[in-house]
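Undergrad: This is the structure I have questions about; it appears just below.
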Amino acid sequence: MTVHEAQIGRYYEDFAVGDVFRHPFGRTIGETDNTWFTLLTLNTNQNHFNADFAGRSPSGKIIVNSGLTVALVLGLSVIDVSQNALLNLGWTDIRLTHPVFVGDTVYAESLITEMRESASRPYAGIVTARTRGLNQDGDEVVSWTRTVMVYKRDAPHDKGYFPEAKNGPLTA
């Protein structure tokens with residue numbers, strides 16, 4: 000097993016089964032993050048936005064919308080697992096294993112569990128990873144298995160996308 004330091008984006012050739020990627024960013028969830036996400040997704044469960052109501056629940060406080068927790072951990076994993084992906088192929092076995100509260104900081108790490116060449120796209124491979132989110136105390140808050148199609152290093156599709164300036168190159 001290899002533990003990889005942070006970098007931006009990986010190609011199919013950069014993965015190996017058994018590798019662990021500790022994604023470089025953590026993110027503290029604020030009350031506004033949770034309230035806006037809850038309202039944007041039309042989630043009407045008051046445990047996510049009504050402190051008086053949530054105060055009567057077993058946790059005694061507002062709980063972060065689980066959709067936000069999943070989306071945040073997914074986003075934290077992109078830099079390593081899918082920055083150079085062309086397709087997400089699926090998620091399975093999503094588990095919400097510990098509540099997340101406003102003020103918690105979430106981190107993520109991924110274990111590469113499977114790899115194979117794409118049969119239909121010679122410029123890509125398929126990578127499967129088990130990803131989990133941890134809070135600041137090390138409690139696992141969410142986990143899943145995700146499969147993505149990732150470009151190979153020599154794929155032309157993600158190269159040369161930055162536009163050329165019509166007035167020439169940037170100079171001092």
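Here numbering that gives the first Met the number 0 is used: the first residue of the sequence shown is 0, the next is one more, and so on. Backbone N, C-alpha and C fix where the C-beta goes; we use that ideal spot for every residue, glycine too.
1) With distance defined between alpha-carbon atoms, name the residue in F100, M148 and A123 nearest to G54.
2) Please determine, among D18, T31 and A15, the residue with the shortest C-alpha to C-alpha distance to L67.
3) Let me know the alpha helix (DSSP H) ranges lying completely inside the region 38 to 124, each 4 residues or longer, listed in chain order.
4) From which residue to which residue does the beta strand (DSSP E) around R21 run?
5) Please tell me whether T130 and A107 are closer than 9 Å, where the distance is taken between their beta carbons.
6) Any idea which residues DSSP pairs G159 with across the strands?
7) Since N46 and S56 are thought to touch, with beta carbons under 8 Å apart, how far apart are those beta carbons, to the nearest angstrom?
8) Assuming A128 and T104 are in contact, meaning their beta carbons sit under 8 Å apart, how far apart are those beta carbons, in whole angstroms?
9) Under 8 Å, with one C-beta from each stretch per pair, do the region 89 to 96 and the region 113 to 126 reach the 3-pair mark?
10) For D153 versus N83, is the C-beta distance shorter than 9 Å?
11) Please return the same chain residues whose Cβ sits closer than 6 Å to the Cβ of Y11, not counting the five positions on each side in sequence.
12) Might you give, ordered along the chain, the residues of its own chain that have their beta carbon closer than 7 Å to the beta carbon of I7, omitting 5 neighbours on each side?
TA: A quick look at the data gives this:
1) Comparing alpha carbon positions, the residue from F100, M148 and A123 closest to G54 is F100.
2) L67 has its Cα closest to that of T31, out of D18, T31 and A15.
3) 50 to 53 and 65 to 80
4) V19 to R21
5) yes
6) According to DSSP, G159 bridges with nothing at all.
7) 6 Å
8) Actually they are not in contact, since the Cβ atoms of A128 and T104 sit about 22 Å apart, beyond 8 Å.
9) no
10) Taking the C-beta atoms as reference points, N83 is found no nearer than 9 Å to D153.
11) So the list reads G124, V149 and K151, once near-sequence residues are dropped.
12) When the five nearest sequence neighbours on each side are left out, the beta carbons in the same chain lying within less than 7 Å of the beta carbon of I7 are those of I78 and Q82, in order along the chain.
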